[in-house]
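Notes follow the structure.
Protein chains: 2
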Amino acid sequence: MFALLENIRVVLVGTSHPGNIGGAARAMKNMGLAQLVLVDPQDFPSADADARASGASDILQAAQVVGTLEEALIGCRLVLGTSARDRHIPWPMLEPRECGVAACEQAQQGAQVALVFGREYAGLTNDELQRCHFHVHIPSDPAFSSLNLAAAVQVLAYEVRMAWLAAQEQPAKPVPVVEQDEEPVTADELESFYRHLEQALVEIRFLDPDKPRHLMSRLRRLYGRSAVNNLEMNILRGILTETIKAARGEHLRQEKADV
Amino acid sequence: MFALLENIRVVLVGTSHPGNIGGAARAMKNMGLAQLVLVDPQDFPSADADARASGASDILQAAQVVGTLEEALIGCRLVLGTSARDRHIPWPMLEPRECGVAACEQAQQGAQVALVFGREYAGLTNDELQRCHFHVHIPSDPAFSSLNLAAAVQVLAYEVRMAWLAAQEQPAKPVPVVEQDEEPVTADELESFYRHLEQALVEIRFLDPDKPRHLMSRLRRLYGRSAVNNLEMNILRGILTETIKAARGEHLRQEKADV
């Protein structure tokens, strides 16, 4: 049954203070989580991290350090990013409690899930936030809203554990047998798709790379919440490939060659 | 409406690390709580506390420092103490979520509420735990169950805030008009009662001070969860006074004098 929690990783992006990494590791271990991924930490490994981890140093030792958020999310089917509430483009939001339930449900079906936390002072960039399927806001006093990083990890890990404990008490839902075609694509597959989509939109001159506006953001929000499956992704990718060919006139040349 | 949260105090008992006091203050302020009471802190005020408070130093400056838990609880009608699950005498337990709801309900009715947190390594003593009406256990992995102090404050303060936000969304329940007689007694009044009760039990030789066993604990558990009101307390105290008189034979002497 713990297998479920093993599918849930905590991703800390650009952390400044190693003490917060240690505090996050301790909070994770208290709540039964073990997978920690650090994106470009400023100071790690560190004695401060070990001190604050206080018995959870196994999690620090097993932590994966990567250079970009994209690498940290490889293989993830659900990506939940912590965020302040007001953003330029409103994104699908979850409460911490809903976040715990959603993470457990996906993990129970064998999907990899990421809980993503931003920098101590600056949070996640807009680009990083747009790689998340949902944003999670921890309700806090608007007059003093910024939680300590390890405290934020504590709250979400606690809600994951509460959802996990509640699921233990219920008769296990039969895990639906999902054909590979029907499985949602992973975060990295979605990123490849966005790059392909963007390229296609530039080629057809719908997107001006010098004035991109919020076009890609809006498209990311749409596909990000749609749980696109493998079959649908193949179709979308096929459309893009053909669109680009068409934009380059290759379609016409191909027709000529066919004649 | 914030008045409600102002009735809820956080009590930290015998804290070793001032950084944890600062972290607790920040977690409180994030969640809209402001009243911090420190029982016999080892190192306070402290630069470490200020550093970890990070913007919540107003809460540290306003913190009340007292010598005993009893002083910290003066005036409180509901006392909730954090505890590991297994104790010699099982006590009425609340989940953190129930704790948030109970604290808000009492605070809304104008009662003072205390959330009590123990020492980093040793928690609360049995004596301190028995001053609490309910114990709260934060569900954690049994293999690594001890949360950082500030993280524990974060979880309970978060549940208080969630309950408070939920209460805002519902039409306000009319606050029942409670006669003074019907108001539950405060924690300090209950302590005086226990002293009186213990004295009476010794006088009637029901309690052997050299072999007290768990008698007082069991009585504390009973009265602690019963929300004894002022009228009932007056009755109980009257019974004790008369019991002691009787045990000393004063009753007989009085009767003689009356003759």
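Listed in order, the protein sequences are those of chains A and C.
By the numbering used here, the letter at position 238 of the first sequence is numbered 238, and the numbering carries on one by one without gaps.
By the numbering used here, the letter at position 49 of the second sequence is numbered 308, and the numbering carries on one by one without gaps.
A virtual CB, placed ideally from N, CA and C, is assigned to each residue, including glycine.
- When secondary structure is reduced to three states using DSSP, glycine 340/C falls in the strand class.
- From the listed residues Leu38/A, Arg220/A, Ala200/A, the smallest Cα separation to leucine 115/A is found for Leu38/A.
- Residues of the region 180-207 of chain A whose Cβ lies closer than 8 Å to any Cβ of chain C: none.
- By the Cβ rule, the region 315-326 of chain C does not count as touching the region 384-403 of chain C, because fewer than three pairs are nearer than 8 Å.
- Interface residue (Cβ-Cβ distance to chain C less than 7 Å): lysine 211/A is not classified as such.
- Pairing alanine 51/A with serine 192/A, the inter-Cα distance amounts to about 40 Å.
- In the DSSP secondary-structure assignment, histidine 394/C is bridged to Gly340/C, Met352/C.
- Phenylalanine 452/C: not part of any beta strand (DSSP E); member of the alpha helix (DSSP H) spanning 446-462, first to last residue.
- Secondary structure at alanine 373/C: strand, using DSSP grouped into helix, strand and coil.
- Per DSSP, the continuous alpha helix (DSSP H) segment holding isoleucine 498/C begins and ends at 489-506.
- Alanine 312/C is a Cβ neighbour of glycine 281/C, given a cutoff of 7 Å.
- Of all C-beta pairs linking the region 359-372 of chain C to the region 262-272 of chain C, three or more are shorter than 8 Å, placing the two stretches in contact.
- Linking asparagine 279/C to leucine 408/C through their CA atoms gives a straight-line distance of about 6 Å.
- With the criterion set as a beta carbon lying under 7 Å from some beta carbon of chain C, the members of the region 13-35 of chain A are Gly23, Arg26, Ala27, Lys29, Asn30, Met31, Gly32, in sequence order.
- Residue contact with chain A for aspartate 302/C: absent (no Cβ-Cβ distance below 7 Å to any residue of chain A).
- Between aspartate 307/C and chain A, the shortest Cβ-Cβ separation is not below 7 Å.
- The Cβ-Cβ distance between valine 444/C and alanine 362/C does not fall below 7 Å.
- Residue pairing for valine 360/C: DSSP places it in no beta bridge.
- Interface with chain C (7 Å Cβ-Cβ cutoff): aspartate 127/A is excluded.
- Its Cα nearest to that of leucine 147/A, the residue Phe117/A stands out among Pro212/A, Phe206/A, Ala167/A, Phe117/A.
- Using a Cβ-Cβ cut-off of 7 Å, phenylalanine 117/A does not count as an interface residue toward chain C, since no Cβ of chain C sits closer than that to its own.
- Taking C-beta separations shorter than 6 Å and ignoring five residues to either side along the sequence, the partners of glutamine 301/C in its chain run Ser275, following chain order.
- Taking glycine 55/A as the centre and dropping the five residues before and after it, the same chain places no C-beta closer than 6 Å to its C-beta.
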